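Structure first, then comments.
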Amino acid sequence: MMLLTYKLETLKVSRRAYLKEKSLESSRAEVARLNTEVVELRAFHDQIKEKDDQLLAMTTQVKELENEKKTWLDKEKELLNNLEFLKDQIGSSLNMGFQLALDQVRIFYPEADLSQADVSKSIIDGQLVETEG
């Protein structure tokens, strides 16, 4: 009977040792898996950090480009305003020059009828005609 008890105890100890060994192997496998996962997560974290840095740089660039765009739009508006002003000046200069020319003609030819003369008319085939546009 004692031999049987001894064998039973030995089997129990062997079983416990076997289970501990299996548990240790399982734990080692889990540690290896977790270490691999940590490496992957660190690489993923580095990629995210790199993307965040790129996003920050692009956001800054977008803001700079928006400011540059606003500057160019303001410049365009200024140029368009200047264009209108210059068109008005050209028109005024044309009218003033035309009136000065008429005044000179009146000096040289006081009897000439200049009532039909108009800055917007042209001479075509010897005739005074309205200019389109």
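By the count of the numbering used here, the sequence shown reaches residue 137 at its end, each step adding exactly one. Just so you know, even glycine gets a beta-carbon here, dropped at the ideal spot from N, CA and C. Because the structure is a prediction, the values reported are computed rather than measured.
Problem - Per DSSP, cross-strand counterpart(s) of K125 - result: As a working note, residue 125 is residue 121 in the sequence shown. E134.
Measure the CB-CB distance between E134 and S124 and report whether it falls below 9 Å. Locating residue 134 in the sequence shown gives position 130, counting from the first residue. Locating residue 124 in the sequence shown gives position 120, counting from the first residue. Yes, they are a contact pair.
Worksheet item: Between which two residues does the alpha helix (DSSP H) carrying M5 extend?
Response: Here the question's residue 5 lines up with position 1 in the sequence shown. M5 -> no alpha helix (DSSP H), and no H or E assigned at all.
Beta strand (DSSP E) runs wholly inside the stretch 34-120, at least 3 long, in chain order = none
| said: Any beta carbon from chain D within less than 9 Å of K73's own beta carbon? | reply: Protein chain content of the structure displayed is limited to a single chain, and chain D is not contained in it.
| field | Distance between beta carbons of A121 and L106, contact taken as under 8 Å | value | As a first step, residue 106 must be located in the sequence shown, where it is residue number 102. As a first step, residue 121 must be located in the sequence shown, where it is residue number 117. Rounded, the Cβ-Cβ distance is 6 Å, consistent with contact.
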